[in-house]
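Here is the structure we will look at.
The following block contains the structure:
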């Protein structure tokens, strides 16, 4: 297919997106690397117990984004160095060739979305919430990978390309709904049973409020990018709109992957850093709220206990710190029936 068959504006849009998209990927890759290393340092430097599942999860996400960025870098090398004799040959190289980069990108999208949702779901949600939120996301991601696998190296027909986009959009919409639902329910339960509870110590109440803010802020960024990505992926391409739809899809794919990795890493780092402002003797108030257990650290004189009894929550003194119980060996765990 010759580049002369297409409008010059379309050719320029594809070439410009290929170049600028590679720069955008590299820029976000650098930011992600800083966030990832800072998260590891913050999390591992705490004396509290560590959960290696969380460390492994954020590491898998980082490796996934690295794979995505390296594939983009390889394609840019091939297009702009090996096939750039003329603008026509450059454009033809971009629109032809194997579909394996698309398959790799979609696998990375699914894996990173699963990890991002999994960190939120990991031992933090009720069993019925796990069924309604995380498993649909898992099912959609597996469906996308299985369907695309057999034809990952084949040239797609127009109908197959549309179906792939619809599957990608459905996966992103499912991720958006699952993330938003899980975050709002968890934040609501923490806020109503802990923050506004009269029996909760003031220090504990402040820490719980900070946790709610961290969850909502990180989830908002991730959810918005997932929604935008889903909307633009399912929009059908045509000669009339492809000059702006294609760049939008390309940039939003990169941004969605970036948010999928950075958002959960930021949650882990920010919750771990909550201990930094606490000094002096302290205790930990363990709250069990309808199967959702988490721990908040509160300053106490001489380690004295502050017991409180409520119909919907049970508070007792425990040890260690906020970060260890949120993302540690014992953190945010529910009853035996709600554990993953």
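Residue numbers (this note's numbering): -14 to 325. Even glycine gets a Cβ: it sits at the ideal position worked out from N, Cα and C.
Please work out which residues of its chain come closer than 6 angstroms, Cβ to Cβ, to residue i, disregarding the five sequence neighbours upstream and downstream, and give them in chain order.
i: residue 7; result: 57, 61
i: residue 27; result: 254, 257, 258
i: residue 89; result: 56
i: residue 45; result: 100
Going along the chain, which residues of its own chain have a beta-carbon closer than 8 angstroms to the beta-carbon of residue i, five neighbours each way excluded?
i: residue 248; result: 101, 203, 204, 206, 207
i: residue -5; result: 224, 227, 228
i: residue 9; result: 236, 239
i: residue 79; result: -1, 0, 3, 64
i: residue 222; result: 230, 231
Between the Cα of residue i and the Cα atoms of the options, which residue gives the shortest distance?
i: residue 86; options: 99, 66, 53, 65; result: 53
i: residue 233; options: 37, 79, 40, 3; result: 3
i: residue 246; options: 149, 211, 166; result: 211
i: residue 149; options: 91, 98, 173; result: 91
i: residue 163; options: 70, 152, 98; result: 98
i: residue 94; options: 250, 251, 252, 243; result: 243
i: residue 241; options: -10, 170, 14; result: 14
i: residue 12; options: 51, 169, 170, 81; result: 51
i: residue -8; options: 76, 41, 59; result: 76
i: residue 147; options: 5, 217, 209, -3; result: 217
i: residue 71; options: 29, -3, 213, 173; result: -3
Considering only residues of the same chain and omitting the five flanking positions on each side of residue i, which have a CB-CB separation below 7 angstroms?
i: residue 215; result: 154, 157, 158, 161
i: residue 220; result: 230
i: residue 151; result: 219
i: residue 24; result: 43, 250, 253, 254
i: residue 69; result: 75
i: residue 213; result: 237
Which whole-angstrom value is the C-beta distance of residue i and residue j, which I expect to be below 8 angstroms?
i: residue 49; j: residue 19; result: So it is not a contact: roughly 17 angstroms between Cβ atoms.
i: residue 43; j: residue 17; result: Not confirmed; about 11 angstroms, so no contact.
i: residue 104; j: residue 39; result: 7 angstroms
Is the shortest distance between the beta-carbon of residue i and the beta-carbons of chain C less than 8 angstroms?
i: residue 239; result: In the structure shown, chain C cannot be found, because there is only a single protein chain.
Alpha helix (DSSP H) segments (min. 4 residues) lying fully within the segment 201 to 267
Those alpha helix (DSSP H) runs which fall completely within the segment 201 to 267 and span 4+ residues are 227 to 257.
Report the residue ranges of all alpha helix (DSSP H) runs contained in full by the segment -9 to 70; include only those spanning at least 4 residues, in chain order.
Segments of the alpha helix (DSSP H) lying fully in the segment -9 to 70: -7 to 29, 37 to 62.
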